[in-house]
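K.L.:
Residue numbers (UniProt numbering): 1 to 559.
Sending over a structure as structure tokens; questions will come in a sec.
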């Protein structure tokens with residue numbers, strides 16, 4: 001019988017894999033141990049081996065496609081064998097649980113059809129499309145910001161029965177960002193107000209209707225407040241919304257009567273005037289009632305400002321004639337690229353978010369005098385077979401300190417706390433697609449040269465994406481070092497299920513006080529991030545004091 005090959009779970013955090021490359025094609029002979037394909041997981045690109053002998057009868061995944069764990073990838077069997085029965089048996093098993101849902105989905109459109117059939121009977125008036133043909137405009141709550149879901153009518157500037165022009169401000173709407181003006185963009189009579197002052201309306205909900213006086217609008221009112229095109233409008237590109245706002249603002253003036261002392265202008269005109277440093281009081285509006293719109297600001301010249309009356313005082317006249325500072329306008333281009341999220345980045349995002357929002361983090365920082373450590377490293381490297389880095393010394397010191405403070409070498413288990421007696425130190429390593437944390441096991445018992453060689457080997461494998469699950473599993477504590485990038489100090493997110501993580505900064509040359517005198521010193525800052533469920537503040541502080549002593553007197557690491 002043919003054997004169905006499924007996507008294997010190649011790491012403890014893997015939920016799906018990307019088929020990077022097939023090494024066999026349909027019809028090829030396959031032996032147990034042959035590499036069938038390369039699979040990109042959240043950690044590395046790994047070889048998927050065959051555990052069967054036979055012929056590759058079926059390939060169900062194309063290269064570059066991501067599929068969840070346990071998804072069908074291929075079928076291996078005897079040459080000429082009918083594999084469809086085995087394939088259908090696997091597929092039918094996964095479809096049985098989904099069939100009740102599909103039946104309910106089939107019933108849903110029927111219910112919607114019934115609603116649509118009964119809707120025209122309501123109201124007995126004209127539909128929205130028929131009203132539009134007769135010059136009737138339905139005013140809906142506009143989307144005035146990218147996060148807006150509803151707006152509150154702060155003020156109506158028109159009432160039912162008033163004449164409306166296409167550049168009139170109908171209402172002020174309070175959004176989640178600011179209070180903004182809503183234009184009608186229609187000429188006629190205000191036939192209906194759907195939302196009272198102080199009430200909220202959903203985006204695309206009907207707030208007013210404008211059209212010829214006496215028009216029957218009962219059809220659209222009975223049909224509901226939601227626009228049939230609301231969904232399409234909400235999914236329109238943001239650039240189109242911005243362009244529409246700019247165009248409408250340029251032709252939408254804001255009223256100012258001769259008795260009103262407040263200068264009014266369209267929102268776009270106000271913004272342009274502010275950017276250019278133009279005083280709106282000096283601009284003559286070209287719209288009805290002296291309203292200022294976009295073209296008035298663009299055409300404004302300081303020398304063309306309205307003359308002051310003869311009764312104006314001399315100081316005021318001098319101030320008015322002085323040219324306002326003009327800030328040059330710079331027009332940039334909004335430009336970006338997008339790329340699919342890699343498997344590694346997906347898991348990094350998921351696990352770090354879970355850690356940060358689940359484990360209550362707190363941080364403790366300590367400064368280390370590294371003079372003795374620098375001298376010790378120079379002496380060690382003079383005789384060691386492998387060059388030892390400061391990070392290697394930190395890893396060794398952390399492992400020794402954890403032996404003395406097992407509470408820091410622990411993890412939260414929900415209804416129990418696990419205190420680890422072994423010290424497996426995870427070493428955070430940056431790679432092209434994200435971050436990997438290979439583990440130096442039993443680091444307290446290894447020499448500095450041994451730790452250095454192991455870390456260097458992990459670094460090469462990580463860059464080549466050759467790390468195996470056994471390399472990154474089982475850490476009890478993590479060290480993250482950004483000192484080589486010149487970072488003084490930083491905080492890290494705990495690598496679950498560890499109970500703590502150490503952030504290592506750069507060694508800085510700073511003035512220090514020794515024996516009552518200020519002398520040059522070499523100081524490194526360490527920040528311990530703790531899960532407060534398992535590590536208390538005093539416990540973390542005691543661990544740092546032990547670690548500080550070991551690094552400032554590295555000879556103790558050999559004891």
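Yeah, the Cβ is synthetic: ideal placement off N, Cα and C, and Gly gets one too.
CA-CA distance, residue 102 and residue 92?
P.N.:
Confidence at residue 102 is low in this model, with a pLDDT of 44, below 50, so its placement is unreliable and the value that follows should be read with caution. Spanning the two alpha carbons is a distance of roughly 14 Å.
K.L.:
Between residue 510 and the rest of its own chain, which residues show a CB-CB distance below 7 Å, the 5 nearest in sequence each way excluded?
P.N.:
Excluding residues within five positions, the ones whose Cβ falls inside 7 Å are 521, 523.
K.L.:
From what residue to what residue does the beta strand (DSSP E) around residue 187 run?
P.N.:
Premise fails: residue 187 is in no beta strand (DSSP E) and is neither H nor E.
K.L.:
Return helix, strand or coil for residue 341, following the three-state DSSP convention.
P.N.:
Here residue 341 sits in coil by DSSP.
K.L.:
On a Cα-Cα basis, can you pick out the residue from 9, 2, 132, 438 that is closest to residue 71?
P.N.:
When each option's Cα is compared against that of residue 71, the closest is 9.
K.L.:
Please return the same chain residues whose Cβ sits closer than 6 Å to the Cβ of residue 66, not counting the five positions on each side in sequence.
P.N.:
Answer for residue 66: 16, 18, listed in chain order.
K.L.:
With C-beta atoms as the reference, is residue 208 less than 8 Å away from residue 139?
P.N.:
A contact, by the Cβ cut-off of 8 Å.
K.L.:
Give the DSSP bridge partners of residue 554, in chain order.
P.N.:
The partner list for residue 554 (beta bridge, DSSP) is empty, contrary to what the question assumes.
K.L.:
Leaving aside the five residues before and after residue 277 along the sequence, list all residues of the same chain whose C-beta is less than 7 Å from its C-beta, in chain order.
P.N.:
Closer than 7 Å at the Cβ level, and outside the excluded window around residue 277, lie 324, 325, 326, 327.
K.L.:
Let me know if residue 155 comes out buried or exposed under the rule of 16 or more other beta-carbons within 10 Å of its beta-carbon.
P.N.:
The residue is exposed, with fewer than 16 neighbouring Cβ atoms inside 10 Å.
K.L.:
Identify, in the order they occur along the chain, each residue of the same chain with its Cβ nearer than 7 Å to the Cβ of residue 61, setting aside the five sequence neighbours on each side.
P.N.:
Around residue 61: 19, 67, 73.
K.L.:
Would you call the stretch 531 to 550 and the stretch 350 to 370 in contact, with 3 or more CB pairs under 8 Å?
P.N.:
Output reads yes: the stretch 350 to 370 touches the stretch 531 to 550.
K.L.:
Could you check where the alpha helix (DSSP H) with residue 79 kicks off and where it finishes?
P.N.:
Here residue 79 belongs to no alpha helix (DSSP H), and DSSP marks it neither H nor E.
K.L.:
Could you give the distance in angstroms between the alpha-carbon of residue 493 and the alpha-carbon of residue 482?
P.N.:
Rounded to the nearest angstrom, the two C-alpha atoms are 14 Å apart.
K.L.:
Within the continuous beta strand (DSSP E) that includes residue 367, where are the two ends?
P.N.:
Start and end: 361 to 369.
K.L.:
Apart from the five residues on each side of it in sequence, which residues of its chain come closer than 8 Å, Cβ to Cβ, to residue 439?
P.N.:
Result list for residue 439: 424, 425, 426, 427, 471, 472, 473, 474, 475, in chain order.
K.L.:
What's the gap between the Cα of residue 205 and the Cα of residue 265?
P.N.:
Their Cα atoms are separated by approximately 27 Å.
K.L.:
Which residues in the same chain have their Cβ closer than 7 Å to the Cβ of residue 6, if we skip the five residues on either side of it in sequence?
P.N.:
Correct list, in chain order: 70, 71, 72, 73.
K.L.:
The beta strand (DSSP E) that contains residue 172, what's its start and end?
P.N.:
Element bounds for residue 172: 169 to 174.
K.L.:
In chain order, what residues of the same chain lie with their CB nearer than 8 Å to the CB of residue 134, ignoring the 5 residues before and after it?
P.N.:
Correct list, in chain order: 126, 211, 212, 215.
K.L.:
Report the rounded CA-to-CA distance for residue 540 versus residue 408, giving the unit in angstroms.
P.N.:
C-alpha separation (whole angstroms): 7 Å.
K.L.:
Looking only at its chain, what residues have a beta carbon closer than 8 Å to the beta carbon of residue 31, apart from the 5 residues adjacent to it on each side?
P.N.:
Cβ neighbours of residue 31 beyond the five flanking positions: 50, 53.
K.L.:
Three or more C-beta pairs under 8 Å: does that hold for the stretch 336 to 344 against the stretch 384 to 396?
P.N.:
Counting Cβ pairs under 8 Å, fewer than three are found: no touch.
K.L.:
So, at 7 Å on beta carbons, what are the nonlocal neighbours of residue 161 in its own chain, with the 5 sequence-adjacent residues on each side left out?
P.N.:
Around residue 161: 189, 190.
K.L.:
Which of the three DSSP states is assigned to residue 181 in this structure?
P.N.:
Residue 181: strand per DSSP, three-state reduction.
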